[in-house]
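Engineer:
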Amino acid sequence: MLPSHSAEDSNAQAVIDPSLLPALFRSMTLIRMTEETVADLLDENEIRCPTHLCTGQEAVAAGVCAALRKDDYIFGGHRSHGHYLAKGGDLRALMAELYGKATGCSRGRGGSMHLFAREVGLLGTVPLVAATIPIAVGSALASKMRGDARVSVAFFGDGATEEGHFHEAVNFAGLHRLPVLFVCENNLYSSHMPIRERRVKDNISRAGDMHGIPGLRVDGNDVAVVYRTAVDAVRRARSGRGPTLLECRTYRWRGHVGSSMDLDVGVKRKDELQEWLPKDPVARARAGLLDQGMHKRALDEIESEVRAEIEDAVQFARNSAYPNPDELREHIFCLKES
Amino acid sequence: MLPSHSAEDSNAQAVIDPSLLPALFRSMTLIRMTEETVADLLDENEIRCPTHLCTGQEAVAAGVCAALRKDDYIFGGHRSHGHYLAKGGDLRALMAELYGKATGCSRGRGGSMHLFAREVGLLGTVPLVAATIPIAVGSALASKMRGDARVSVAFFGDGATEEGHFHEAVNFAGLHRLPVLFVCENNLYSSHMPIRERRVKDNISRAGDMHGIPGLRVDGNDVAVVYRTAVDAVRRARSGRGPTLLECRTYRWRGHVGSSMDLDVGVKRKDELQEWLPKDPVARARAGLLDQGMHKRALDEIESEVRAEIEDAVQFARNSAYPNPDELREHIFCLKES
Amino acid sequence: MRTLTYAQAMREGFAQLLASDPRVFVIGQGVWSPWYAGTSLQGLEREFGRNRIIDSPVSENATTAVAIGAALAGMRPIVFHPRMDFMLLAVDPIVNQAANWSYIFGGQINVPLVIRAVINRGGEQGAQHSQALQAMFMHIPGLKVVMPATSYDAKGLLIAAVSDGNPVMYIDDRWLYGESGEVPEEMYEVSIGIAAIRRTGSDVTIVATSHMCAHAVQAAATLESRGIDAEIIDLRSIKPWDRECVFNSVRKTGRLVIADAAWKTCGVAAEIAAAVAGEAFDDLRAPISRVCLPDVPAPTSAPLEEAYYIGATHIVSAVEELFVRNEKALAAKPRR
Amino acid sequence: MRTLTYAQAMREGFAQLLASDPRVFVIGQGVWSPWYAGTSLQGLEREFGRNRIIDSPVSENATTAVAIGAALAGMRPIVFHPRMDFMLLAVDPIVNQAANWSYIFGGQINVPLVIRAVINRGGEQGAQHSQALQAMFMHIPGLKVVMPATSYDAKGLLIAAVSDGNPVMYIDDRWLYGESGEVPEEMYEVSIGIAAIRRTGSDVTIVATSHMCAHAVQAAATLESRGIDAEIIDLRSIKPWDRECVFNSVRKTGRLVIADAAWKTCGVAAEIAAAVAGEAFDDLRAPISRVCLPDVPAPTSAPLEEAYYIGATHIVSAVEELFVRNEKALAAKPRR
Ligand SMILES: Cc1ncc(C[n+]2csc(CCOP(=O)(O)OP(=O)(O)O)c2C)c(N)n1
Ligand SMILES: Cc1ncc(C[n+]2csc(CCOP(=O)(O)OP(=O)(O)O)c2C)c(N)n1
Ligand SMILES: [Mg+2]
Ligand SMILES: [Mg+2]
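Protein chains in written order, with my numbering: chain A, 1 to 338; chain B, 1001 to 1338; chain C, 2001 to 2336; chain D, 3001 to 3336.
1. Could you round the C-beta distance between residue 3293(D) and residue 3262(D) to whole angstroms and report it? I think they count as a contact, below 8 Å.
2. Out of 2228(C), 2276(C), 2224(C), 2252(C), which has the shortest C-alpha to C-alpha gap to residue 2241(C)?
3. Tell me whether residue 3336(D) sits in a helix, a strand or coil according to DSSP, three-state version.
4. Distance cutoff 7 Å, beta carbons only. Does residue 3219(D) sit that close to anything in chain C?
5. Using three-state DSSP, classify residue 185(A) as helix, strand or coil.
6. In angstroms with no decimal places, state the Cα-to-Cα distance between residue 126(A) and residue 76(A).
7. Could you work out which residue in 3304(D), 3253(D), 3279(D) is closest to residue 3286(D) when comparing CA atoms only?
8. Could you give the DSSP three-state label for residue 3295(D): helix, strand or coil?
9. Using a beta-carbon distance below 7 Å, is residue 3146(D) in contact with chain C?
10. Kindly indicate which residue of 2126(C), 2010(C), 2297(C), 2220(C) has the alpha-carbon position closest to the one of residue 2153(C).
11. Whether or not the stretch 3133-3140 of chain D and the stretch 1013-1026 of chain B are in contact is what I'm after, with contact meaning three or more pairs of Cβ atoms, one per stretch, closer than 8 Å; do they touch?
12. Could you check how far apart the C-beta atoms of residue 1155(B) and residue 1213(B) are, in whole angstroms? I think they sit under 8 Å.
13. To the nearest angstrom, how far is it from the Cα of residue 254(A) to the Cα of residue 1168(B)?
14. Shorter than 6 Å, the distance from the beta carbon of residue 2036(C) to the closest heavy atom of ligand 3, or not?
15. Of the residues that make up the stretch 2172-2205 of chain C, which ones have a beta carbon closer than 7 Å to any beta carbon in chain B?
16. Quick one: does residue 231(A) have its CB under 7 Å from some CB of chain C?
17. Which term fits residue 2001(C), buried or exposed, when burial requires 16 or more other beta carbons within 10 angstroms of its beta carbon?
18. Quick one: is residue 254(A) near chain C, going by C-beta distance under 7 Å?
19. Less than 7 Å between C-beta atoms, sequence neighbours within five positions excluded: which residues of the same chain meet that for residue 3021(D)?
20. Mind checking which residues open and close the beta strand (DSSP E) that includes residue 2259(C)?
21. Any heavy atom of ligand 2 closer than 6 Å to the CB of residue 1158(B)?
22. For a test of your reading of the model: does the CB of residue 189(A) fall under 6 Å from any non-hydrogen atom of ligand 3? Yes or no.
23. So, helix, strand or coil for residue 2206(C), using DSSP?
24. On the criterion of 16 or more Cβ atoms from any shown chain inside 10 Å, does residue 3168(D) qualify as buried, or is it exposed?
25. Under 8 Å Cβ-Cβ, which residues of chain B neighbour residue 200(A)?
26. Where does residue 23(A) land, buried or exposed, given buried means 16+ other C-beta within 10 angstroms?
27. Quick check on DSSP: helix, strand or coil for residue 1087(B)?
28. If I follow the unbroken alpha helix (DSSP H) through residue 2243(C), where does it start and stop?
29. On the DSSP letters alone, give me the boundaries of the alpha helix (DSSP H) that residue 63(A) sits inside.
30. Looking at the structure shown, is residue 1001(B) part of a helix, part of a strand, or coil, going by DSSP?
31. Could you please give me the residues that DSSP links to residue 2338(C) through a beta bridge?
32. Residues of the stretch 3003-3029 of chain D in Cβ contact with chain A at a cutoff of 9 Å, in chain order, please.
33. Short of 8 Å in beta carbon distance, which residues of its chain neighbour residue 3024(D), apart from the five on each side in sequence? Order them along the chain.
34. In angstroms, rounded to a whole number, what distance separates the CA positions of residue 72(A) and residue 149(A)?
35. Do residue 1187(B) and residue 1084(B) count as a contact pair if the criterion is CB distance below 7 Å?
In structure tokens:
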């Protein structure tokens, strides 16, 4: 087995302002319920685009995005519903995009793997592994040049660190002390391949050190820890002290793509899942809130609110029109400035 | 100033069998005199292809290649006359290649930046920075698959470590424990750019550690140290214990390309050169041999032998024919197996 | 003869190559995976071991370069890219290195490398998971490029590519994996550079690549019912391509339609059209027509995909237009 | 009017863009160097500071992607690649990302990025330091590609590229840097997609790109002395290219020669030939001729380079062949 929860660099008992926890819980709940709804819709063949669900990894998106301002930039990859939602992207537009509708966040040109929500700083998620890592460095460079105090975040997986341009990007960001966070969601797999089959050492956070920036490993299933660490890194970035690499240890419950569980893939997958299910980040936050004295009813209410939102979004998506095929050739170039 | 000669990982007083030193001295002298002759020939416009001289860096090629068997594979880059000669490549064929002659080691299709000497294991030098790093990993993979106990060496510069595929290659080699040496000649510059303008930390040898293989920093101007370290790394590789990264600290005397000294480039270049000239690896080896009791005459003799060889090679190159333009379209594909 | 799907035929080619030549190995992202290559690599890992079927980190550049290095050292690697889109990270080793290595060293070494590049499109995957980039590589002197359209060729061209001894890009389209065809059990090669005439005809030549061949055959049936007798050439290799076969056909028919399901501008069809317009001009009785994808990135939404991709009907319209046009032209003044 | 060299004109364009728009910056390997860009970037670093003229580590992929990210965030970066050959390491960000970003998000964001790619060849540099790869990028829907041939256009197209707001690849050839031409002092744009007629003529249309334009002009002088009156079109933009200009000319002359100093197969010339053979067929009185580099990697040795590169004589021969041929054809049977 891979060492997990072993050598985290951050305080595992991170103390955060208790008043923040309900919002973090809500954010994670929204992601969890959306993903599980989408899983059903995939099974029902209502959604047909390739879809990579982040169930089990909610704390990373929720924790990091809660540490950001609305106008901070984020970028993601193929598994980015969570990033989109945590940053505040419109749920209806997400669902409509999955349905391939003109009302989708990418107007039906992107599907699950290409999400966009400029109004909340999400400048794009794209499925070429590692592609948005240097792109986020670029938006950070823009911020530094303009002095606009924005922070950029690149969300990516452990597999992305095997692409050379990950290293190029971290080096460049370090060299220019750019306001960027490299957030690696290390879920221990790159599609069918466990991490030990892809790299010698399970030491992704050390890539920061190699390239001269702080690299921290944290429990990616503890939203308070993620949030606390992200707040520090964001503060560093915003005050001109440069980038940080966060390796968030987590695990995806669902299979690599679609709604399957991939239990056939990789010898250890079944056992691992049994080990990780109890570390459920949403359940942990829920338990934390109950401990804090929050009423179960209040939590149930959050959940039913979220459920209603999702149902509404699905209805919206179903009722929306498809893009007009006559517009196939539009949008390759922008005519006006954006 | 960059810290140099500071934190070397190998014993700076490496003791090697004294009987080996004359051959190492000869190898370095051959490289030095060839490079300086080529510099003159460039000035005289006899040689016109883009040429990157390695004067000042001779100990790396000489030390590493002396640790190799003839059938071990090596690969180089744009600055590889030294690698070619140290591995035993034919001097006449090198010189003829620089002259663009059909008798050249690449038959006049390559010039200085594309050298080849299969008979001594040099499978190619090519000028795309870092390109041959993963290629050498590939020949090492072939050796591992065949169990032929060959070792592969990639020679490259400090600039090459900024290319992402350097990292990809080291990771892959570590993962498969391949018989390959990554030999970085850190001459502190990538063309006009000093290393501090290109990376946060001057820590190239740590890339080995990051990717799970030993990384060592050595004095690249001390041929005995380079040789000693290479012998260990080669033994490791040949016995199946995997790759090693050697960072050899050195300095190029000449400018980036051609015969100029680039004294205008980079603020510190002039001062640095003054600092590095006394560390002349050839002079150091010569002094060492004199200390060991070798007669000055014997050393002079080596030098005049080498000089004669070079003169012969230049004559050979001058007298050789150019490639036949009618054969322009040949050699794109091989018809027969090689 | 025995019938195999295209994917099975490829798999058989792989297995026979691996069994018969110890120099052959397979490397690439996804080769151990149950989903990246359909059934075309299924079980090879168990049959030949993980030393010869090597799944890789997500490092397309180095993985490709590693294969080049192994080839230079005398192995016969097949590097696998589950999508052409991802292979764009490996353009440097492919174009700068593999394609040049023989030439720059004056033919003293060759690069016996097969690059298997998969076109995997449709299914709402979108712009970065749908590209058919054969033309980019056809443009490069030191590469050969094949695009088998049938089970028979899928196996035979794979074996030919490995034995060629030079860098060959082998491009397969997942839309073909389920197609069936006769495949001999023994090892055999389909010569690189030789096209196949899938239907003889006298009125129009339809040159097609990859899965457009099946659409062309379908189109020919429709055209026949309308009195047009089409000759269909399955190009099979796009570099080198079978000039003689195409020129002979155009000499006979005087009309040329080229169907290649990739972007039109500077595509495979452009080269064939330009070559014919340059070297067989006098044989032409009508404009050369290209049936290609529009110059648009692949969309995701189903109705947009429907409008984007091309098939038999597009070929039929293109051919009919040439004839309608000819009638019109005949009705007007004769050509200069 | 004032005369500037091509390199000086570029530099003036850079300086004026930097001075007039704080969003503009330059990034790339070699921009602080005295030798990578000739005089075309000389002193900009001192004039505008290292914060806006950013030399980079040897990391083509990330450097290009960083520029994309800055463009997405509203800046106007110009990313500099001192050779197209090195830019092959950045094909993923260019083709997968920059070219697609507007489309995949339904036109909600644009990528105001200029990619300056230098063709730097000859001088015994060889296969990996000589490539002219415009066709690879012309093939991609979401890119615009310009190739200025004169000082005037070098400046005007650079400014147009920056203000276009979409990814534009700006390709300059070092063989042009020393050429002189009139250049206005003020900022001005040369419209992307509009060709320039460099000489009007009635017998043959010569479409040329980049430094082949000067060769075409030279060729026209020779041809004139032999009684052939050539029209010369400097394409300037290769994507989009000026179809109307080319078609109008071919309508008049009936003969077309395309000169593009890059590999022939699937090249720029192939596209123009195919378009004309498809859409202006009736205007053609002779085969379409392409004057391109042979499909061979660039050699180093001087006599091989001499045999490899093309110039005015190649254009002259190509044109003359069309006429000789026509006479022969007239002597034989008339066309069908
Ligand atoms: C450049 C590139 N190579 C390969 C792929 C195929 N691919 C899609 S997702 C994936 C796994 C990525 O793993 P990781 O980065 O850990 O993200 P996760 O799926 O675990 O969230 C791969 C290899 C791709 N999309 N892009
Ligand atoms: C991929 C690529 N990018 C850029 C260049 C241009 N270039 C040639 S040599 C060089 C410097 C390389 O520095 P280093 O690796 O340290 O080698 P050195 O010249 O110091 O021996 C550069 C950037 C190139 N040849 N290839
Ligand atoms: Mg992962
Ligand atoms: Mg260096």
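Beta carbons: idealized from backbone N, C-alpha and C, even for Gly.
Bear in mind the structure is a predicted one, so any value in this text is a computation, not a measurement.
Structural biologist: Let me lay it out:
1. 6 Å
2. 2276(C)
3. The pLDDT assigned to residue 3336(D) is 40, lower than 50, so where the model puts this residue is not dependable, and the model offers no usable value.
4. no
5. strand
6. 7 Å
7. 3253(D)
8. coil
9. no
10. 2010(C)
11. no
12. Between residue 1213(B) and residue 1155(B) the Cβ distance is about 17 Å, and since that is not below 8 Å, they are no contact.
13. 28 Å
14. no
15. none
16. no
17. exposed
18. no
19. 3076
20. 2256-2263
21. yes
22. yes
23. strand
24. buried
25. 1171, 1174, 1175, 1211, 1212, 1213
26. exposed
27. coil
28. 2243-2253
29. 58-66
30. Because the pLDDT of residue 1001(B) is 30, which lies under 50, any placement of that residue in the model is unreliable, and the question is left without a value.
31. Within the shown structure, residues of chain C are numbered from 2001 to 2336, placing residue 2338(C) beyond reach of any answer.
32. 3022, 3023, 3025, 3027
33. 3017, 3018, 3052, 3075, 3076, 3077, 3078, 3162
34. 9 Å
35. no
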